[in-house]
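Chemist:
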Amino acid sequence: MTTSHLDAMLALSFVTNKMFGVSNGMNVLLLWKTPVNHEEFQSLVSSLKNEVGKQGKVAVENCDMLKTSSHAGSSFDIVLSGVMPPFEMIYTTELLAELLRVLKPGSKLVVRAKGDERSLLRLAGFSQISEPHEVQLSDDQKAQTNSKVYEVSCAKPSFEVGSSMKLSFGKPKPQANTWKIDLDDDDIDLASPDDLLTEEDKAKPDPLSLRVCGTTGKRKACKNCVCGLKEELDEEAAGKAAAATKDFKSSCGSCYLGDAFRCASCPYLGMPAFKPGEKVKLTDSTLQDGI
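One gets the numbering used here by counting positions in the sequence shown from 1 and adding 1 to each.
(1) Please report how far the alpha carbon of residue 41 lies from the alpha carbon of residue 128, in whole angstroms.
(2) Quick one: is residue 120 buried, meaning 16 or more other Cβ sit within 10 Å of its Cβ, or exposed?
(3) If you measure from the CB of residue 103, is any heavy atom of the ligand MG nearer than 8 Å?
(4) What are the complete alpha helix (DSSP H) segments, minimum 4 residues, inside the region 85 to 162?
(5) Among 54, 96, 48, 37, which residue has its Cα nearest to the Cα of residue 26?
(6) Helix, strand or coil for residue 50, going by three-state DSSP, please let me know.
(7) Does DSSP put residue 44 in a helix, in a strand, or in coil?
(8) Looking at the structure shown, is residue 224 part of a helix, part of a strand, or coil, going by DSSP?
(9) Distance check for residue 66 and residue 12, CA to CA, integer angstroms please.
(10) Going along the chain, which residues of its own chain have a beta-carbon closer than 8 Å to the beta-carbon of residue 131, five neighbours each way excluded?
(11) Taking residue 88 as the reference, which of 114, 266, 227, 151 has the closest Cα?
(12) How far does the beta strand (DSSP E) with residue 78 in it reach, from first residue to last?
(13) Check the DSSP bridge columns for residue 204 and list the partner residues they point to.
(14) Under three-state DSSP, which class holds residue 270?
(15) Under the DSSP definition of a beta bridge, which residues are partnered with residue 30?
(16) Can the beta-carbon of residue 64 be found closer than 9 Å to that of residue 110?
(17) Looking at the structure shown, is residue 39 part of a helix, part of a strand, or coil, going by DSSP?
(18) Which one of 206, 201, 232 has the shortest CA to CA distance from residue 214?
(19) Shorter than 9 Å from the beta carbon of residue 142 to some beta carbon of chain C?
(20) Looking at residue 23: is its Cβ nearer than 9 Å to the Cβ of residue 52?
(21) Under a three-way DSSP split, which group does residue 262 fall into?
(22) Apply the 10 Å Cβ neighbour rule to residue 59 and answer buried if 16 or more other Cβ atoms are within range, or exposed otherwise.
(23) Give me the Cα-Cα distance between residue 270 and residue 230, rounded to the nearest whole angstrom.
(24) Smallest Cα separation from residue 256: which of 240, 273, 241?
(25) So which of 31, 92, 32, 70 has the shortest CA-CA distance to residue 117?
(26) In three-state DSSP terms, what is residue 277?
(27) Looking only at its chain, what residues have a beta carbon closer than 8 Å to the beta carbon of residue 146, apart from the 5 residues adjacent to it on each side?
Right, here's the structure in full:
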């Protein structure tokens with residue numbers, strides 16, 4: 002064994018004991034990706050086994066085979082992912098979802114990578130995500146990576162995925178005193194629904210009044226109306242104007258004197274003066290302009 006390898010093994014042992022937080026009785030998952038230095042890898046596994054003791058367990062998985070390994074859910078106290086050179090782990094949503102599944106609620110995931118993986122961890126559902134800090138590498142590790150490496154720790158939320166709990170919104174408020182009516186009381190005289198309708202409500206509408214334009218969807222002719230609705234509306238307007246003129250009674254008594262004496266709504270606007278009582282016939286154009 003070379004001196005550089007021995008230094009690397011000692012460094013791994015120190016890091017495992019002081020930073021990862023592995024302790025006696027823990028179930029640890031060590032996730033790795035090829036290629037790795039065999040001697041360093043064995044040293045790290047041995048150090049982890051010494052830390053967890055006989056009551057604990059150390060599982061070693063290649064990241065590409067984790068999904069097929071069928072680990073039980075919520076079975077690990079800590080997952081160490083990509084903690085060895087060359088730190089080339091690719092954290093897909095599927096990989097992070099599987100890590101979240103196998104971790105116990107509230108347990109920790111330690112990630113080492115050459116970039117900032119916090120956004121991916123947050124989207125995967127992890128919480129308590131720490132700020133990334135640069136990992137102190139040995140000379141041999143620096144030669145293998147040629148890049149800075151950052152470590153981030155996070156935790157699975159302290160509840161199982163898919164779990165539920167009953168929410169309490171306090172004690173129900175007592176019902177306020179309200180009037181209570183006994184519908185079996187013979188003294189109560191309820192109105193008949195038929196008595197609430199007038200004859201006008203019961204009358205059937207004129208089918209012609211329900212006709213609408215196929216373009217506007219309303220009883221209003223479109224610009225290039227060819228269905229006859231425009232002519233129908235013009236006839237209705239002329240009829241209403243004629244009826245209004247027929248029954249018109251001047252409130253001021255000065256309509257016959259001319260426009261200077263007529264109000265703004267006078268149907269005789271624009272017509273010459275006439276004698277009181279004289280029958281005046283309004284033209285169709287005048288009736289349409291007054292609408």
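Glycine included, each C-beta is placed from N, C-alpha and C at the ideal position.
Modeler: Walking through what the data contain:
(1) 31 Å
(2) exposed
(3) Summarising the ligand content, the structure contains no ligands, and the ligand MG is consequently not present.
(4) 94 to 103, 119 to 125, 140 to 146
(5) 54
(6) helix
(7) helix
(8) coil
(9) The pLDDT assigned to residue 12 is 49, lower than 50, so where the model puts this residue is not dependable, and the model offers no usable value.
(10) 153, 154, 155
(11) 114
(12) 77 to 82
(13) Paired residues: none, contrary to the question.
(14) coil
(15) 60, 80
(16) no
(17) helix
(18) 232
(19) No chain C appears in this structure, which consists of one protein chain only.
(20) yes
(21) helix
(22) buried
(23) 28 Å
(24) 273
(25) 92
(26) coil
(27) 86, 87, 88, 115, 138
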